[in-house]
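J.: Residue numbers (our numbering), protein chains in the order written: chain A, 1 to 328; chain B, 1001 to 1366; chain C, 2001 to 2304.
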């Protein structure tokens, strides 16, 4: 580098920038580059998530052949303008169907009981793993997460075989104790139990891992301080662990509520909704009506019934996540 | 090599003014340190020179070329960050050569430059290591090496020593000075540590609340601070401030402490202060080293004061004595041999030849 | 310290049992192991039973013997399946779909996450939130409108998407991209800002900063996201069962269920073998990259 000879009377020179074309400047702008980097994402979300979501709403207004609007029938008890202008035919059809209400409460029962039990088991198991010396933790954690790793369709097949009506491996064990064989997927109460059991089996490890991560993030000094303050084991959990984990417990449970409520694989493979639709969930019933029954508008209407619950759970998750973000 | 001109520069975020209009001319080869408390706008100024922040108003010129709209890579500057910002996946050599490789310099040239910089910084044997395998001081050297190989017009340092422990900081400070003596690149250095500023700078720029308080060589700032802020900020332990009034006493002047005691002002100083209004809100500023134990011969302008000692801090070569004078917390630096003990009262000598009078309403040193 | 005497008077308590703390800990540990073993048995029964069954002949399966034991182990199920072009085709379809989806996902998610975390622009915060919300929309909500959309698309353009395996390349990214983008935003956000500033001063463009600095530095996150995208694509069941029907277009999970179960005839030996082989790729990835797998799993809630 040659030292720039400093002109004593260095006048302020506004060196003219090489005239960059407007187009080039536009492409060099940060926001333009950022826009193009996010464009595929935006396109994907709009064409394959947001558009179909609204399209589903449109579909609910159509009749089975999708040739015309599904008007409500026998609605003389309603004001005229509702009857002839609002295309709630599918909605009306569903709400007057006993199966729909059955599916509705089956979905709620399935989601609520499964999520609570998963959270409970996950919480307990995570504490046991946390208790073990850290050398062995990896091994246990590795084993306990296996159900989550196996594709749900594959493991549900294994459960189906374990529940098999004639060769059930569980019934064989029961038989050794002279207990009567159980028709695991053949009668409604046991079928519902089985479906929930499989869901717990698949989902509890996820809770375990999340809670374990939360447990590890609680500083040891807090427990030591609590111990010095005279807190017993139970008080330590109640006053230290739970408050520190509260956010992760909530996020995990809400997230699992969404996934469980919208579950498809387990019921589809294990019982296909049977016996007599007694294990159908919204998703499997929508599939039965829409794909197998060929009535896409009706199926779409069924699946849209999931939206309110999903929206509430999503809103809470978002709140908790942003709160976490603010804490950090 | 280059000059940097900062003209009437303002930086405004949404509604906060971080920099409120500053002017500064940095000469070729000069080592300028921006110093001030956190939030004073020093880092923002540096980042505007680097091009990492947009300039709201005013202009910055490097070598007389206004760079307001020039992206950082075209400004020919290099920057050393507080947390080093070394690329963790690259070796030391790769870290140092990244900029040159982006500019597609020939391989031989890159190697020559890296080797030269490594030699200057004494990190030749570290060139193949990853940053993770380096100590804090070594990382700091690499970060400087990355700046040196670029051979830029201006070096920018953003609190580069803050993450080091005290001992290493002193060592690296000397190292930076040595490197600057070798490469002589114009340097702008930001720190909140006034010792660092004093020791490194050709000129120190003291900033506060987005404005420049004073610019000058370190010793000027120390001995002739322009404002109360500079007087209090430069020097450790900080300058003592005592609220006073000025009173005429015969043909001389004396400072009147609130408790009634009065200290006569040396004659040649008194002339300077004669003009100021006697009723203004004033403070007497006196550095701790100008309050000492009594010495056998006390020159003119040295007055004797008796104070109750609160706390003493033996430092080895000197002892810091803290005492309260009429509500003001004061500090004196005395010889450990003086035998001043906590809880007793002590006789100290205040050398008013080095006093400053501060107008508290304007904040300026008279 | 001299002379600090703590007043030990007051209500005299029984002397503490010496060594009780150690004993308590030991018992807590024993109980932990006991229950962990119980849970491990519960969690591992199905895969173990899959393996047991896969080693049995049809004759042994239908015999009224202890189903938990293999009396005449045989590899015939494996040999038969791995020699069956239909099954291998499922495997091939699954592999092509999953790998392609991983590539597509990364190509979309990484630049988007970089832009969203580093290049603040108008609406970027909203978009980031939107991405997260999209991740919460389950596929069971969208499969029917998508089905109809593809049918309409065929009428309009003549391009048939339904019943073609590559329709999955179109729909799977809706499941993988939002989450991968979200966790990549988290990983990128953990990279100090000075690193990209250093790169910019070194003269790197935004693209160069992304490719030469961020991608290598966030590699653990990218591996976690890759694993996530792969396992989700490999395990997805609803979309393929809804959108593909011809045997040659099926992916593994659907293929096993639709072809190995013929009417009421369940060839359980083969089904379990097929399922076990189908579960193998995610299990192998998990075995080797467990830490990344778990990091990806927990990233959704612990990052961002």
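From the three backbone atoms N, C-alpha and C, an ideal C-beta is built for every residue, glycine too. All values derive from a computational prediction rather than experimental measurement.
Using a Cβ cut-off of 7 angstroms (strictly closer), state whether residue 2268(C) contacts chain A.
T.: Yes, contact with chain A.
J.: Give me the residue from 2290(C), 2208(C), 2259(C) and 2295(C) with the minimum Cα distance to residue 2084(C).
T.: Comparing Cα-Cα distances from residue 2084(C) to each of 2290(C), 2208(C), 2259(C) and 2295(C), the minimum goes to 2259(C).
J.: Leaving aside the five residues before and after residue 2284(C) along the sequence, list all residues of the same chain whose C-beta is less than 6 angstroms from its C-beta, in chain order.
T.: If we look at residue 2284(C) and ignore the five residues flanking it on each side, it has no Cβ neighbours.
J.: Quick one, which residues of the region 2138 to 2149 of chain C are near chain A if we go by CB-CB under 7 angstroms, in chain order?
T.: Flagged, chain order: 2138, 2140, 2141, 2142, 2144, 2145, 2146, 2147, 2148 and 2149.
J.: I'd like the list of long-range same chain contacts for residue 2135(C), defined as Cβ closer than 7 angstroms, with 5 residues on each side in sequence excluded.
T.: Excluding positions up to five away in sequence, the list reads 2178, 2179 and 2182.
J.: Which of the three DSSP states is assigned to residue 308(A) in this structure?
T.: In this structure, residue 308(A) counts as helix in the three-state DSSP scheme.
J.: With a cut-off of 7 angstroms, does the C-beta of residue 2210(C) fall near any C-beta of chain B?
T.: So no, residue 2210(C) is outside the interface.
J.: DSSP beta-bridge partners for residue 1204(B)?
T.: Answer is 1033(B) and 1216(B).
J.: Starting from residue 1360(B), trace the alpha helix (DSSP H) both ways and give me its first and last residue.
T.: First-last for residue 1360(B): undefined, no H or E at that position.
J.: The alpha helix (DSSP H) with residue 1273(B) in it runs from where to where?
T.: Unbroken alpha helix (DSSP H) run through residue 1273(B): 1267 to 1273.
J.: Taking Cβ positions only, does residue 187(A) come closer than 7 angstroms to chain C?
T.: No, no contact with chain C.
J.: DSSP beta-bridge partners for residue 414(A)?
T.: The shown model of chain A, from 1 to 328, leaves out residue 414(A), and the question about it has no answer.
J.: Considering just the uninterrupted stretch of the beta strand (DSSP E) at residue 1240(B), what are its terminal residues?
T.: It spans 1240 to 1249 - the beta strand (DSSP E) in which residue 1240(B) sits, taken as one unbroken run.
J.: Tell me whether residue 2100(C) sits in a helix, a strand or coil according to DSSP, three-state version.
T.: Residue state, collapsed to three classes: helix.
J.: Use the C-beta contact count for residue 1362(B): other C-beta atoms within 10 angstroms, 16 or more gives buried, fewer gives exposed.
T.: Label assigned to residue 1362(B): exposed.
J.: Just mark residue 189(A) as buried or exposed, buried being the case when its beta carbon has 16 or more other beta carbons within 10 Å.
T.: When all chains shown are included, residue 189(A) counts as exposed.
J.: Would a C-beta distance cut-off of 7 angstroms place residue 1130(B) and residue 1091(B) closer than the cut-off?
T.: Against a cut-off of 7 angstroms, the Cβ pair of residue 1091(B) and residue 1130(B) comes out as a contact.
J.: Report the neighbours of residue 2060(C) on chain B: residues whose CB is nearer than 8 angstroms to its CB, in chain order.
T.: Residues of chain B passing the Cβ test: none, with the nearest at roughly 55 angstroms.
J.: Where residue 1113(B) and residue 2112(C) are concerned, what is the direct C-alpha to C-alpha distance, given to the nearest angstrom?
T.: Between residue 1113(B) and residue 2112(C), the C-alpha separation is close to 37 angstroms.
J.: Of all the CB atoms in chain A, is at least one closer than 7 angstroms to the CB of residue 1960(C)?
T.: The first residue shown for chain C is 2001 and the last is 2304, placing residue 1960(C) beyond what the model contains.
J.: What does a CB cutoff of less than 8 angstroms around residue 2054(C) pick up in its chain, not counting 5 residues either side in sequence?
T.: 2077, 2078, 2269, 2272, 2273 and 2276, listed in sequence order.
J.: Relative to chain A, which residues along the region 2034 to 2046 of chain C have a C-beta separation below 8 angstroms, given in chain order?
T.: Residues passing the 8 angstroms Cβ filter: 2035, 2036, 2039, 2040, 2042, 2043, 2044, 2045 and 2046.
J.: Do the region 1331 to 1341 of chain B and the region 1285 to 1298 of chain B make contact, defined as three or more Cβ pairs closer than 8 angstroms?
T.: Yes, since at least three Cβ pairs between the region 1331 to 1341 of chain B and the region 1285 to 1298 of chain B fall closer than 8 angstroms, the two stretches touch.
J.: For the beta strand (DSSP E) containing residue 1058(B), list its first residue and its last residue.
T.: First-last of the beta strand (DSSP E) with residue 1058(B): 1057 to 1062.
J.: In the region 2168 to 2193 of chain C, which residues sit with their C-beta less than 8 angstroms from some C-beta in chain D, listed in chain order?
T.: No chain D is present in this structure, whose protein chains are A, B and C.
J.: Grab me the residues of residue 241(A)'s own chain with a C-beta within less than 6 angstroms of its C-beta, minus the 5 sequence neighbours each way, in chain order.
T.: Closer than 6 angstroms at the Cβ level, and outside the excluded window around residue 241(A), lies no residue.
J.: Tell me, please, whether the region 2018 to 2037 of chain C touches the region 1257 to 1264 of chain B by the rule of three or more beta-carbon pairs shorter than 8 angstroms.
T.: No, the region 2018 to 2037 of chain C does not touch the region 1257 to 1264 of chain B.
J.: Ordered along the chain, which non-local residues of its own chain (more than five positions away) have a Cβ less than 6 angstroms from that of residue 12(A)?
T.: Because the pLDDT at residue 12(A) is just 39, under 50, the model does not fix this residue reliably, and the value given afterwards should be weighed accordingly. Taken in chain order, the list of residues that qualify is empty.
J.: Assuming residue 2253(C) contacts residue 272(A) (C-beta within less than 8 angstroms), just tell me the rounded distance between them.
T.: The pair is not a contact, with the Cβ atoms about 15 angstroms apart (cut-off 8 angstroms).
J.: At the 7 angstroms Cβ level, is residue 2294(C) part of the contact set with chain A, yes or no?
T.: Taking Cβ atoms only, chain A reaches closer than 7 angstroms to residue 2294(C), which makes this a yes.
J.: Mind reading off the beta-carbon distance from residue 2097(C) to residue 2169(C)? Whole number of angstroms is fine, and I expect it under 8 angstroms.
T.: That belief holds up - the Cβ atoms of residue 2097(C) and residue 2169(C) are roughly 6 angstroms apart, short of 8 angstroms.
J.: Of the residues 58(A), 244(A) and 284(A), which one's Cα is nearest the Cα of residue 263(A)?
T.: Of the listed residues, the one whose Cα sits closest to residue 263(A) is 284(A).
J.: So with CB distances below 7 angstroms, who are the chain A contacts of residue 2286(C)?
T.: Correct list: 149.
J.: Going by DSSP, what residue range makes up the beta strand (DSSP E) through residue 185(A)?
T.: It is not in any beta strand (DSSP E) - residue 185(A) carries neither H nor E in the DSSP assignment.
J.: Could you tell me whether any Cβ in chain C is nearer than 7 angstroms to the Cβ of residue 1079(B)?
T.: Judged by the 7 angstroms Cβ criterion, residue 1079(B) is in contact with chain C.
J.: Residues in its own chain within less than 6 angstroms of residue 2150(C) by CB, not counting five upstream and five downstream?
T.: Cβ neighbours of residue 2150(C) beyond the five flanking positions: 2161 and 2162.
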